[in-house]
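Here the sequence shown stands for residues -2 to 244, where the numbers follow the working numbering.
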Amino acid sequence: MGTPPIAPPTQPIIPTKRKARTSPSKKAAVIKEFGETTIPTGFKSNIHCMTIVGQIEGHMVLPPQNKTTKYEHVIPQIVAVEQNPEVEGMLVVLNTVGGDVEAGLAIAEAIKGLSKPTVSIVIGGGHSIGVPIAVASDYSFIAPSATMTIHPVRLTGLVIGVPATMDYLERMQDRVIQFVTENSNISEQDFRNLMFKVGELSQDIGTVLVGKKAVEYGLINEVGTMSQAIRKLSQLIEENKFQGGIH
């Protein structure tokens, strides 16, 4: 009898490693908490997009049915942008009704303090304390149909100790006015006139500026679109590189 043929050695089957997929529930949670979606694979951006939407939530937790931007979520994003060498600029997209004054000013100061180029664009609306956030960036845009409401600082609910409270509100209002006028081209007198204008808002004093009007007053730099804002940010990034990263 002949020797049976020897079968050739077989290679062990190594299972291919699949890329971890983000579950739909996890994606939904990211969108809900941060207003962000996952970036398509294979694309790497040097720009961080930060959204300020709904009502800006401060020290008080708002009802769950309110769409909010939580400042304790926004501040770490700004810190991460500053520390991450792969991020070269930040685009701030606003569609907010306003909210907590101190939280809004904290966000605005954090944006202003970044060493990397920043551009903001108001789409829909950038109302109330959204105004300082919009002007905190190096360059600002507003969509043609977007609006910005300027009105005095106010409190809701029961007020105890009216004289002291009014003095505190006035000083807080001065902080807002000072920040806006220092970081835009509007004069303090013009901003105060808009803030205390009577007859334009049905149940309040103040002014609503639509698109081009915000630029005419010097509050916003330019009327534009999202693509224009991104191009401007890319331009500022290149200028920043040319200057050796000094911003």
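Ideal Cβ placement from N, Cα and C applies to all residues, glycine included.
This one's a predicted model, so the numbers in the text were calculated from it and none came from an experiment.
When you compare each of the options to residue i by their alpha carbons, which one comes out closest?
i: Glu175; options: Thr115, Gln225, Glu106 and Ile120; result: The sequence given here has Gln at residue 175, not Glu. Comparing Cα-Cα distances from Gln175 to each of Thr115, Gln225, Glu106 and Ile120, the minimum goes to Glu106.
i: Val84; options: Ser112, Val173 and Ser22; result: Ser112
i: Leu102; options: Met169, Lys194 and Pro60; result: Met169
i: Val76; options: Ala211, Thr204 and Gly110; result: Gly110
i: Leu88; options: Val212, Lys209 and Gln74; result: Gln74
i: Thr222; options: Phe188, Ala133, Leu91 and Glu179; result: Leu91
i: Ile227; options: Tyr214, Ser42 and Gly51; result: Ser42
i: Ala211; options: Leu191, Ser224 and Ile44; result: Leu191
i: Thr144; options: Ser134, Gly122, Ala133 and Gln186; result: Gly122
i: Val98; options: Ile44, Ile72, Arg172 and Asn63; result: Arg172
i: Glu69; options: Glu79, Val58 and Cys46; result: Val58
i: Tyr214; options: Gln186, Gln80, Met47 and Ser22; result: Gln186
Within this structure, are the beta carbons of residue i and residue j separated by less than 8 angstroms?
i: Ser181; j: Leu216; result: yes
i: Leu233; j: Pro82; result: no
i: Val128; j: Ile104; result: no
i: Ile49; j: Thr66; result: yes
i: Val71; j: His45; result: no
Taking residue i and residue j to be in contact with their CB atoms under 8 angstroms, please state how far apart those CB atoms are, rounded to whole angstroms.
i: His124; j: Val94; result: 5 angstroms
i: Val119; j: Ala100; result: Between Ala100 and Val119 the Cβ distance is about 18 angstroms, and since that is not below 8 angstroms, they are no contact.
i: Phe193; j: Pro141; result: 27 angstroms between Cβ atoms; not a contact.
i: Gly96; j: Ile53; result: 3 angstroms
i: Phe138; j: Gln225; result: 6 angstroms
Quick one: residues in its chain with C-beta nearer than 6 angstroms to the C-beta of residue i, no 5 flanking neighbours on either side, listed in chain order?
i: Tyr136; result: Val116, Asn218 and Lys229
i: Lys238; result: none
i: Glu197; result: Thr204
i: Leu166; result: Val150
To which residues of the same chain is residue i closer than 8 angstroms at the C-beta, ignoring the five residues directly before and after it?
i: Val195; result: Ile202
i: Leu155; result: Summary for Leu155: the model assigns pLDDT 41, below 50, so the residue's position carries little reliability, and this model does not support an answer.
i: Val177; result: Val128, Pro129, Val132, Ile183, Phe188 and Leu216
i: Gly208; result: Ile139, Ala140, Pro141, Ser142, Ala143, Thr144 and Val220
Sort out for me which residues DSSP pairs residue i with in a bridge.
i: Gln52; result: Thr65 and Gly95
i: Ile44; result: Gly86
i: Leu206; result: Met145
i: Gly221; result: None; Gly221 has no bridge partner.
i: Tyr214; result: Beta-bridge pairing links Tyr214 to no other residue.
i: Thr115; result: Met87
i: Phe138; result: Ile118 and Glu219
Considering only heavy atoms of the ligand FMN, does any lie closer than 7 angstroms to the CB of residue i?
i: Asn180; result: Of ligands this structure carries none, so the ligand FMN is not represented either.
Keeping to the same chain, check which residues put their C-beta closer than 7 angstroms to that of residue i; ignore five residues upstream and five downstream.
i: Ser134; result: Val89, Ile108, Thr115, Val116 and Ser117
i: Asn63; result: Gly51 and Gln52
i: Ile157; result: Residue confidence is low: Ile157 scores 46 on pLDDT, short of 50, so the model does not pin down where it sits. Its coordinate-derived value is still stated next. Cβ within range, chain order: n/a, list empty.
i: Ser22; result: none
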